[in-house]
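Chains as they are written, first to last, in the working numbering: chain A, 1 to 387; chain B, 1001 to 1127.
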Amino acid sequence: MKIVYLDNNATTPLHPEVLEEMLPFLKEDFGNPSSLHQFGRKVKVKIDEAREKVAGIIGADPSEIVFTGGGSEADNLAIKGVAFASKEKGRHIITSQIEHHAVLNTCKYLERNGYRITYIPVDKYGMVKPEDVAEAISDDTILITIHHSNNEIGTIQPIKEISKIAEERGIIFHTDAVQSLGKLPLNVDDMGVTLLSVSAHKLNGPKGVGACYIRKGIRRLHPLINGGNQEMKRRAGTENVAGIIGFSKACEIASACMEEERERLISLRDKLQNGLTEKISHVRLNGHPTERLPTTLNMSFEYVEGETLMINLDLEGIAVSTGSACSSGSLEPSHVLVAMGIPYEVIHGSLRFSLGRENTEEDIERVLEVLPPIVEKVRKMSPLWEE
Amino acid sequence: MREEGLYSDKVMDHFENPRNVGKIEDADGVGTVGNPVCGDVMKLYLKIEDDTIIDAKFKTFGCGAAIATSSMITELIKGKKIEEIKEITNKTVTEALGGLPKNKLHCSVLAEEAVEAALKDYYEKRG
């Protein structure tokens, strides 16, 4: 059975060239970049090159890149880093209701520790209204953190407009761009962001490595991990050398073919969306119709439950994810779909298909062949369908 | 061999090949429990003669565990006396399925409640 992996927003397979690039640093080039002898120096040069590449893909200066242990750590560094450093100035943070848990739960942690958080609602497409952000600002607002694009529905936020508001009020603006990196052109100056989080494993890089962009001149930022002088004293600990090298290679590959890849993925995504809409009744798109990641399609299949669809697809070798409560572990349905005002019973029937570089036309055709009979079978079993 | 199963083989068997799916047109008792907002609804149809469940069918909207428990409970009650099935609890169903993940145990409660609701309907209809 051919395996069709359509869960690339969760993680992506390592690019073979990325692996090749990483291997020497897991073998002979094992030096510690902080060491002054040849073993260390050799690796140090490579880390510097990697920093340039990662900076390059987002239009930053290498000195503005701090490598972290992933996207979640980058989010924590940005948010707690600002919060701890600015607590005398203010304790108010603005975020959205549909952030990734790395942002949301970091804000909730701060909320339990004396900070005030405003969670901005979104419209039915999962879009934040910049004017809502402007209205939420108060004298003690120290940070605005709104993600660049959403992992569940793919909706892309009006980042430029929000950053303009932040800039006018002199507030630090952070964006979690984990899902956008390598898929959309990102330029920190165009976007006007102060802080930005990215992760390697969403663009065919290794897990356990990410980066936080910290705009030059930002002094008010506490490190999360204290220790040695690595990463300009903003993240102590001996560097994840192989991970960092792999991350930079992944960035290089992604940026070299971003435009063609974007068009290719949009065409596959839309083929899947149109095909499912044609072949199955009572389906709806969750997310913005146009302002959406090329990789992401989230749809609800009414009168059926998402986990049941997901397992049926899994049995056919197709990997997707669902926003249904039953699969979340917490029995809470997707907070993103809830915030968009989608009725709970429709949320329970949601599936997310997220595409990546390995997906082909054939994969899409396979889903279009396999899913309609599954939905039909499961609907026949549903007491809601007959009523 | 299933890799690090989300569910036991028994659960997967009942999920993939659910027994007794459908409705009984002239059912003697029908019970609907759960709520689509919460993500699971089970409708159970019983055909009863001489205080014995001679047929049981179900329709379920829900996750894998909800479907498997629905299927299993119909198997457990078919051919049994009403007195006997009153002994069947969600624990019986869970055990018959070789266990359920912790966060799915509530699904088995749904099955138990569906039997109660269908029997209540049977007694009400009988007067």
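All residues carry an ideal CB built from backbone N, CA and C; glycine is no exception. Being a predicted model, the structure only gives us computed values, none of them experimental.
If you ignore the 5 residues before and after D363(A), its C-beta comes within less than 6 Å of the C-beta of V4, all in its own chain and listed in chain order. Excluding sequence positions up to five before and after A319(A), its CB lies within less than 8 Å of the CB of I3, V4, Y5, L6, D7, L313, all in the same chain and listed in chain order. Taken in chain order, the members of the stretch 1022 to 1043 of chain B whose beta-carbon sits within less than 8 Å of a beta-carbon on chain A are K1023, T1032, P1036, V1037, C1038, G1039, D1040, V1041, M1042, K1043. For the 8 Å CB-CB criterion, M310(A) and T1060(B) do not form a contact.
Judged by pairs of C-beta atoms under 8 Å, the stretch 217 to 233 of chain A does not touch the stretch 98 to 110 of chain A, as fewer than three such pairs exist. A contact between stretches requires three or more CB pairs, one per stretch, nearer than 8 Å, and the stretch 1072 to 1079 of chain B fails this requirement with the stretch 372 to 386 of chain A. Contact between the stretch 169 to 183 of chain A and the stretch 30 to 42 of chain A is not established, with fewer than three Cβ pairs separated by less than 8 Å. Collapsing the DSSP output to three states places N8(A) in coil.
Scanning chain A for C-beta atoms nearer than 8 Å to the C-beta of T1060(B) yields M381, S382, P383, reported in chain order. Secondary structure at Y1045(B): strand, using DSSP grouped into helix, strand and coil. Taking the C-beta atoms as reference points, D176(A) is found no nearer than 8 Å to H201(A). In the displayed model, Y1123(B) falls within a helix according to three-state DSSP. Beta-carbon to beta-carbon, I117(A) and L110(A) are separated by about 7 Å, close enough to satisfy the 8 Å threshold.
With respect to V1093(B), I1067(B) sits apart: the two C-beta atoms are not nearer than 8 Å. By the Cβ rule, the stretch 232 to 249 of chain A counts as touching the stretch 52 to 71 of chain A, because three or more pairs are nearer than 8 Å. The DSSP assignment places complete alpha helix (DSSP H) segments of no fewer than 4 residues inside the stretch 333 to 387 of chain A at 335 to 339, 344 to 347, 361 to 380, 383 to 386, in order along the chain. Secondary structure note for G1099(B): it is in no alpha helix (DSSP H), with a DSSP letter that is neither H nor E. The C-alpha of R284(A) is placed about 15 Å away from the C-alpha of V338(A).
Between I245(A) and K46(A) a beta carbon distance of about 6 Å is seen, short of the 8 Å cut, so the two are scored as contacting. The residue among P1101(B), S1071(B), K1104(B), M1012(B) with its C-alpha nearest the C-alpha of A1114(B) is S1071(B). If you draw a 10 Å sphere on the C-beta of A256(A), you find fewer than 16 other C-beta atoms in it, and that means exposed. Spatial neighbours of K42(A) in its own chain (CB-CB distance under 8 Å, excluding positions within 5 residues in sequence) are listed in chain order as D29, G31. Around the beta carbon of Q38(A), fewer than 16 other beta carbons lie within 10 angstroms, which makes this residue exposed. The Cβ of S324(A) sits closer than 8 Å to at least one Cβ of chain B. Looking at the DSSP output, I318(A) shares a beta bridge with V4(A). Cβ-Cβ separation between M127(A) and P185(A): approximately 20 Å, too far for a contact (criterion under 8 Å). By the neighbour-count definition (other C-beta atoms within 10 Å, threshold 16), S138(A) is an exposed residue.
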